[in-house]
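If you're matching positions, the sequence shown starts at 430 in our numbering and goes up one per residue. Virtual Cβ for every residue (Gly too), placed ideally from N, Cα, C.
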Amino acid sequence: MLITEDNVFTHRQDPYCMHMRTEWGIFRLANWQGGLTCSRWARGNWVHVAADPGLIVLHEESTAHRGPIRDFIRRIPMEVQHVARRFRHLQLTVLRFLRCAPASADLACDVPDLFWLLCRVASEDDRKLSVLARTASKKRREIVRLIFGEQTMLTPQLFRKIRLIRCDYEEFLRMWEMLYAESQNDRILHWPSFAPDTVGRAYRNGQPILPYKIIVRCISEGIDAVRMDRLVAIHRDTWKMFCALRGEADAKLFAKIAQAWKTPDDLMRHHDKLAQVAIERSEEEHSVPLPVPPLFGTPDITPITDSAELFREGRDMAHCVYSQLEQVLRGELSIYKVLRPERATLAISRGSPPQIVECSLRGNEEPSFATMESVRDWLKLSASASTGVYS
Numbered sequence: 430m431l432i433t434e435d436n437v438f439t440h441r442q443d444p445y446c447m448h449m450r451t452e453w454g455i456f457r458l459a460n461w462q463g464g465l466t467c468s469r470w471a472r473g474n475w476v477h478v479a480a481d482p483g484l485i486v487l488h489e490e491s492t493a494h495r496g497p498i499r500d501f502i503r504r505i506p507m508e509v510q511h512v513a514r515r516f517r518h519l520q521l522t523v524l525r526f527l528r529c530a531p532a533s534a535d536l537a538c539d540v541p542d543l544f545w546l547l548c549r550v551a552s553e554d555d556r557k558l559s560v561l562a563r564t565a566s567k568k569r570r571e572i573v574r575l576i577f578g579e580q581t582m583l584t585p586q587l588f589r590k591i592r593l594i595r596c597d598y599e600e601f602l603r604m605w606e607m608l609y610a611e612s613q614n615d616r617i618l619h620w621p622s623f624a625p626d627t628v629g630r631a632y633r634n635g636q637p638i639l640p641y642k643i644i645v646r647c648i649s650e651g652i653d654a655v656r657m658d659r660l661v662a663i664h665r666d667t668w669k670m671f672c673a674l675r676g677e678a679d680a681k682l683f684a685k686i687a688q689a690w691k692t693p694d695d696l697m698r699h700h701d702k703l704a705q706v707a708i709e710r711s712e713e714e715h716s717v718p719l720p721v722p723p724l725f726g727t728p729d730i731t732p733i734t735d736s737a738e739l740f741r742e743g744r745d746m747a748h749c750v751y752s753q754l755e756q757v758l759r760g761e762l763s764i765y766k767v768l769r770p771e772r773a774t775l776a777i778s779r780g781s782p783p784q785i786v787e788c789s790l791r792g793n794e795e796p797s798f799a800t801m802e803s804v805r806d807w808l809k810l811s812a813s814a815s816t817g818v819y820s
């Protein structure tokens, strides 16, 4: 949580502490000389908070602050501020670590991701700081083993290939998921420079989502986060179609097939083949009407009203919108055809108000800015219309 002038107040009995009102209660943060210890007001007493409370003191707006925040920040040495400012997640632990072990600034500058991971260990209990402070001066390989275990295959050289971008919670989580999943594999040592904010999207629950060869190809091609999210979504839809056609009992067969994919195009081709099979099978079945969409259509954006039309949309647009049929029948989603300014398929939620869930061109390509603006304008104008029969 960002510390701003809106949630900070002074207390005459604690002039050297900064007090904050948050949605989780009232907190008290000791200044630099006081060790940056944190307490929470509970049942008439200040209770020590051992874990990192997630407070962000140094941020873009903090330099313009006055009063308690400015006085608090001015007590922190400038060289420490320079190192800690980039870390949004676990920033308080970073500051405490640098205070307890000034030499750890060398680690933070040389291998910032390794330093950040070490701070994660310390963030669980601030009483670990004194022990971990001595760790920061050890060899980089020993630090890696402390974090990932003695049997890890990860090396300090790998961490120098990692490119941090935002240093926030989401990026940290993706980096941790990826490194934890690959910690026992030496194959990761051969990766070129990579951004965990992008590559980490291909991992979940300590396991890779995409086939390993595709992940490596994505790294070598330098694809962005949007493209990686799209590949993960396509892989998920491919698995759904496979289960619909073969059943989940054939999970091992799916994994064996996926091992042969070497590029994103291989995944796309298999996805399209399954899509065609599903369409051909669906054409043999009876069409069922879909729930009435929440918003009226226009000449440029028209609702899809039955399952046959939904399957034809997937065939014509070369994507798997029909995999969302169950969600549509349950009344969770509604699907629309976007005819102009680009041909696209639009999925919106049926909440109040409706929200854009996905908008894709043919082959799951991203729509242009003009198309998305047109869709948002339609959604805004139509949101107040009552549900009815569409023309």
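Among Asp701, Lys642 and Thr692, whose alpha-carbon lies nearest the alpha-carbon of Asp668? Correcting the residue identity first, residue 668 is Trp in this sequence and not Asp. Comparing Cα positions, the closest option is Asp701.
Kindly indicate which residue of Asp694, Pro720, Phe683 and Leu674 has the alpha-carbon position closest to the one of Glu709. Leu674
Suppose contacts are defined by Cβ-Cβ distances below 9 Å. Is Ser716 in contact with Asp735 by that definition? yes
Tell me where the alpha helix (DSSP H) around Pro770 begins and ends. Unbroken run through Pro770: none, as it is neither H nor E.
In the DSSP assignment, find the unbroken alpha helix (DSSP H) run with Val757 in it and report its ends. Leu754 to Leu758
Alpha-carbon spacing of Arg595 relative to Arg515, whole angstroms: 8 Å
Which full runs of the alpha helix (DSSP H) of 4+ residues lie inside the region 591 to 619, going along the chain? 598 to 611
I need the DSSP call for Val818, collapsed to helix, strand or coil. Low confidence applies here, because Val818 scores a pLDDT of 38, under 50, leaving its location unreliable; read the following figure in that light. Here Val818 sits in coil by DSSP.
CA-CA distance, Leu775 and Cys788? 4 Å
Could you have a look at Ala589 and say whether DSSP puts it in helix, strand or coil? The sequence as given places Arg at residue 589; Ala does not occur at that position. Note: Arg589 maps to coil in three-state DSSP.
Is it buried or exposed, Gln753, if we count other Cβ atoms within 10 angstroms and call 16 or more buried? buried
Find out if the Cβ-Cβ distance for the pair Leu536, Ala551 is shorter than 9 Å. no
Which listed residue (His477, Ser781 and Leu527) has its alpha carbon closest to that of His511: Leu527
Assuming Met801 is part of the alpha helix (DSSP H), what are its boundary residues? Phe798 to Ser811
Mind checking who Glu787 pairs with in its DSSP beta bridge? Ala776
Looking at the strands, I want to know which residues DSSP matches up with Cys467. Leu458
Reference Phe588, options Glu579, Thr564 and His619, closest by Cα: His619
Can you tell which of Phe501, Arg569 and Glu553 has its C-alpha closest to the C-alpha of Ser533? Arg569
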